[in-house]
Amino acid sequence: MVMIDPTKEGRFGEFGGRFVPETLIPACEELEEAFRDAWADPLFIEEFHRILIDYGGRPSPLTECYRLSEQLGVRILLKREDLNHTGSHKINNVIGQALLARRMGKSRLVAETGAGQHGVATATAAALFDMECKVYMGQVDVDRQELNVFRMNLLGAEVEAVSSGSRTLKDAVNEALRDWVGTVENTHYCLGSVMGPHPYPWMVRTFHHVIGDEAHEQCLKLMERVPDVVVACVGGGSNAAGIFSGFAGTEARLVGVEPAGGAAVGRGVPGVVHGMSSYLMQDEVGQVQEAESISAGLDYPGVGPEHAYLSSVGRAEYPSVTDQEVIEAFQLLCKTEGIIPALESAHALAWVVREAETLRDQVVLLNLSGRGDKDVDQMMEVLGTDNDQ
Amino acid sequence: MNLKSDVGRMETSLRAKRDGGGKLLVAYVTGGFEGWETAVEAAAAAGADAIEIGIPFSDPVMDGPVIQEASEIALAAGSTPASILAAVPNLDTGIPHAVMTYYNLAHNPGHERFAATLADSGVDAAILPDLPFVESGPWREAAAEVGIETILLAAPTTPDARLPELCAASAGFVYAVGLLGVTGERSTLASTATEIAHRCKTVTDKPVLTGVGIGSPEQAVEASEVADGVIIGSAVVRQLLDGHGAEGVGELVASYRTALDAG
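Note that the protein sequences, when read in sequence, are chains P and S. One point on numbering: in my numbering, the residue at position 145 of the first sequence is 145, and numbering is uninterrupted. One point on numbering: in my numbering, the residue at position 70 of the second sequence is 70, and numbering is uninterrupted.
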């Protein structure tokens with residue numbers, strides 16, 4: 001089975017759809033049409049890939065982890081999305097969406113951000129394309145990610161702190177949607193993950209397909225076969241969707257790792273929020289719950305609808321790991337390979353470490369979705385500054 | 001003959017008043033906010049033709065700051081769909097009631113169960129702003145089965161091609177969204193308010209009420225020159241947030257009533 005296009009109603013199985021106020025339905029339809037049109041246009045695709053190469057630094061390397069592999073008894077290959085411009089896979093999506101916004105004649109981008117990675121990436125694309133940019137960020141995240149707020153300001157974006165609800169990522173999405181309801185005529189909502197109303201989950205996955213495509217080719221070149229396991233962390237699920245899409249048609253086992261405090265798929269309760277029908281953390285009457293994990297980028301109570309679908313049909317599995325396992329995996333990669341991973345990406349490694357026994361002698365491709373520079377402050381607080389750590 | 005598919009109480013009541021030459025006034029009150037029941041009764045006594053009872057949701061994407069704040073306060077006070085709906089049968093208003101909430105609160109218990117709960121509570125209609133027409137089929141069917149009218153929103157951006165279908169599917173009335181934006185008062189009436197009401201009126205005979213952005217009795221009168229009436233929400237809820245209680249709500253609704261009746 002491969003990751004197929006959604007139905008014309010935007011469904012992956014029973015999941016997906018377009019659950020947004022009527023005001024936004026025409027904008028979603030316009031976006032879908034523009035995306036279909038652009039993705040059938042060789043000039044658009046050529047420009048997209050050219051920018052990803054010349055500006056974004058693609059292709060990202062595939063790194064064989066000799067020391068870590070020996071220690072775990074599992075052959076580990078890292079897809080190095082951490083080496084992209086702006087430090088994560090997010091750049092693929094924002095370049096695609098900014099090109100599309102320009103094609104639709106929209107001169108303003110709005111975005112939501114949690115830790116700030118997608119906000120920084122969107123601000124970057126807005127600077128590159130000379131667009132106005134406003135980023136919504138929960139007050140809680142603004143307070144703990146001061147540097148990223150300043151980065152966005154340096155890039156010319158306006159950051160608005162959101163003080164409604166839980167004042168985190170999910171409320172930033174609400175506020176971005178509210179902005180878009182009022183500004184839809186000149187504004188494109190540059191959504192940061194494979195979530196939201198159709199066509200976003202499909203479109204964002206398509207812009208990240210390049211991760212899976214490259215990795216597939218790199219694996220064939222390296223070992224003339226695909227890996228046994230492909231693993232990635234899942235919040236909304238964009239980096240996982242990107243790498244999975246290169247292997248969904250193979251025999252490879254697909255594993256999306258959620259944080260224990262944000263296991264939307266793991267808990268398996270269907271729900272509807274932020275424009276999509278998917279799995280959703282909610283209380284017994286349907287109020288959306290807050291996710292809590294060590295990584296702000298995975299603090300999201302929902303998950304992209306295609307992941308809900310892949311889970312429901314058994315094509316991918318979605319285990320979760322604890323903050324403590326993540327902290328250990330983070331340190332392990334630093335010490336064995338000289339790579340400081342994003343805390344998000346460390347979730348994927350934490351699962352590999354835990355399952356090392358059952359994965360013995362297998363080849364595991366791990367999507368290292370981002371670099372950990374942004375997390376150094378936080379880890380200093382967690383670990384202390386003792387050199388023996 | 002299936003009685004359940006007949007025109008419901010909301011539409012019957014609003015049509016009768018409209019056809020008698022009156023302008024319609026619907027007032028929104030956030031359920032679960034302290035004193036909301038008496039506020040609802042005060043709004044009815046002051047001349048509202050129907051009431052919208054908000055069931056607060058954690059992520060109200062269609063609402064502006066005023067209703068968001070009231071919703072958060074009501075949620076923090078422990079209000080739930082069940083606690084609010086349990087109070088509805090005791091409301092002494094004599095006019096139809098709609099609930100306004102978000103789709104996940106209907107999705108979670110399941111369409112049939114949620115619709116039945118509404119019907120059992122004496123609610124006549126439902127407004128689910130994040131369940132647009134294109135996604136609303138299964139819910140509308142389940143709701144109609146127990147006599148709940150689903151009021152659909154028509155937006156300034158809704159294309160002409162879809163508007164007739166949308167208006168035909170809406171039950172109770174057609175909610176013409178007055179502007180591009182979320183709920184909240186504005187200092188002037190947007191030009192989109194009369195445009196969308198006019199577009200709806202040309203394709204449906206159902207009552208068309210304009211809501212979102214109505215900020216004064218004067219704007220209500222202006223909007224009602226084209227529409228059959230207006231929905232006021234944030235202005236009402238502000239009375240509660242500012243501590244003016246049911247009395248403040250009554251006075252506010254009366255000022256709109258007077259203006260609309262004077263035309």
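No residue lacks a Cβ here, since even glycine has one placed at the ideal position from N, Cα and C. Computed from a predicted model, the values in this text were never measured in an experiment.
Contacting residues, own chain, Cβ-Cβ under 7 Å from residue i (five flanking each side not counted)
| i | result |
| --- | --- |
| residue 47 of chain S | 25, 253, 254 and 257 |
| residue 206 of chain S | 11, 167, 170, 173 and 174 |
| residue 198 of chain S | 226 |
| residue 201 of chain S | 208 and 226 |
| residue 173 of chain P | 112 and 274 |
| residue 230 of chain S | 25, 209, 210, 211, 214, 220, 223 and 224 |
| residue 64 of chain P | 77 |
| residue 73 of chain S | 33 |
Where residue i falls, given that 16 or more other Cβ within 10 Å makes a residue buried
| i | result |
| --- | --- |
| residue 150 of chain P | exposed |
| residue 7 of chain S | exposed |
| residue 159 of chain S | exposed |
| residue 53 of chain P | exposed |
| residue 66 of chain P | exposed |
| residue 130 of chain S | buried |
| residue 16 of chain P | buried |
| residue 97 of chain P | buried |
| residue 197 of chain P | buried |
| residue 360 of chain P | exposed |
| residue 389 of chain P | In this predicted model, residue 389 of chain P has a pLDDT of only 49, less than 50, meaning its place in the structure is not dependable; the value taken from the coordinates is given anyway. With fewer than 16 other Cβ atoms within 10 Å, it is exposed. |
| residue 221 of chain P | exposed |
Endpoints, the alpha helix (DSSP H) within which residue i is located
| i | result |
| --- | --- |
| residue 17 of chain S | 9 to 19 |
| residue 46 of chain P | 42 to 54 |
| residue 118 of chain P | 117 to 128 |
| residue 212 of chain S | Per DSSP, residue 212 of chain S belongs to no alpha helix (DSSP H) and is neither H nor E. |
| residue 225 of chain S | Segment: none, residue 225 of chain S is in no alpha helix (DSSP H) and carries neither H nor E. |
| residue 219 of chain P | 200 to 223 |
| residue 174 of chain P | 169 to 183 |
| residue 77 of chain P | Note, residue 77 of chain P: premise wrong, no alpha helix (DSSP H); beta strand (DSSP E) at 75 to 80. |
| residue 137 of chain S | 137 to 145 |
| residue 104 of chain S | 104 to 107 |
| residue 63 of chain P | Premise fails: residue 63 of chain P lies in the beta strand (DSSP E), 62 to 64, not in any alpha helix (DSSP H). |
| residue 242 of chain P | 238 to 244 |
Proximal chain P residues relative to residue i, where beta-carbon distance stays under 8 Å
| i | result |
| --- | --- |
| residue 182 of chain S | 178, 181 and 182 |
| residue 236 of chain S | Result: empty, since nearest Cβ-Cβ is about 20 Å, beyond 8 Å. |
8 Å CB neighbourhood of residue i in its chain, flanking five on each side removed
| i | result |
| --- | --- |
| residue 257 of chain P | 231, 232, 233, 234, 318, 319, 320, 321, 347, 348, 350 and 351 |
| residue 75 of chain S | 32, 56 and 58 |
| residue 148 of chain S | 8, 115, 118, 119, 123, 124, 125 and 126 |
| residue 289 of chain P | 281, 282, 283 and 301 |
| residue 39 of chain P | 45 and 206 |
Residues that residue i contacts on chain S, provided the C-beta gap is smaller than 8 Å
| i | result |
| --- | --- |
| residue 17 of chain P | 135 |
| residue 271 of chain P | 104, 107 and 108 |
| residue 174 of chain P | 59, 60 and 61 |
| residue 170 of chain P | 59 |
Beta-carbon neighbours of residue i, restricted to chain P and to distances below 9 Å
| i | result |
| --- | --- |
| residue 72 of chain S | 164 and 165 |
| residue 221 of chain S | What residue 221 of chain S touches in chain P: nothing, since even the nearest Cβ is about 24 Å away. |
Under 7 Å from the C-beta of residue i: neighbouring residues of chain S
| i | result |
| --- | --- |
| residue 265 of chain P | Within chain S, no residue comes near residue 265 of chain P; the closest Cβ sits about 17 Å away, beyond 7 Å. |
Enclosing beta strand (DSSP E) for residue i [first to last residue]
| i | result |
| --- | --- |
| residue 267 of chain P | No beta strand (DSSP E) holds residue 267 of chain P; the alpha helix (DSSP H) holding it covers 264 to 267. |
| residue 100 of chain S | 97 to 100 |
| residue 91 of chain S | No beta strand (DSSP E) holds residue 91 of chain S; DSSP gives it neither H nor E. |
| residue 254 of chain P | 253 to 259 |
| residue 279 of chain P | 275 to 279 |
| residue 138 of chain P | 132 to 138 |
| residue 127 of chain S | 125 to 127 |
Nonlocal neighbours in the same chain, by C-beta distance under 6 Å from residue i, ignoring five residues either side
| i | result |
| --- | --- |
| residue 271 of chain P | 280 and 282 |
| residue 31 of chain S | 53, 54, 55 and 84 |
| residue 295 of chain P | 343 and 344 |
| residue 363 of chain P | 75, 227 and 228 |
| residue 27 of chain P | 184 |
Contact set between residue i and chain P, taken where Cβ atoms lie within less than 7 Å
| i | result |
| --- | --- |
| residue 105 of chain S | 285 and 286 |
| residue 29 of chain S | Going along chain P, no residue has its Cβ under 7 Å from residue 29 of chain S, so there is no contact; the nearest lies around 20 Å. |
Partners in chain S for residue i, counting only beta-carbon separations shorter than 9 Å
| i | result |
| --- | --- |
| residue 139 of chain P | Per Cβ cutoff of 9 Å: no residues; residue 139 of chain P is ~14 Å from chain S at best. |
| residue 106 of chain P | None at all; the shortest Cβ gap to chain S is about 14 Å. |
| residue 282 of chain P | 58, 104 and 108 |
Next on the checklist: Please identify, using Cβ separations under 8 Å, the residues of the stretch 124 to 155 of chain S that lie next to chain P, in order along the chain.
Outcome noted: 129, 130, 131, 132, 133, 134, 135, 152, 153, 154 and 155
Next on the checklist: If the cut-off is 8 Å on Cβ atoms, which residues from the stretch 76 to 101 of chain S count as contacting chain P, listed in chain order?
Outcome noted: 80, 81 and 82
Next on the checklist: Please list, in chain order, the residues of the stretch 42 to 68 of chain S that have any C-beta partner in chain P closer than 9 Å.
Outcome noted: 56, 57, 58, 59, 60, 61, 62, 63, 64, 65 and 68
Checklist entry - Taking Cβ-Cβ distances below 9 Å as the criterion, which residues of the stretch 19 to 45 of chain P are in contact with chain S? => result 19, 20, 21, 22, 23, 24, 25, 26, 27 and 29
Checklist entry - Looking at chain P, which residues of the stretch 155 to 171 of chain S have a Cβ within less than 9 Å of any of its Cβ atoms? => result 155, 156, 157, 158, 159, 162 and 166
Checklist entry - What are the residues of the stretch 103 to 134 of chain P that lie near chain S, defined by any Cβ-Cβ distance shorter than 9 Å? => result none
Checklist entry - At a Cβ cut of 8 Å, what residues of the stretch 326 to 346 of chain P count as close to chain S, listed as they run along the chain? => result none
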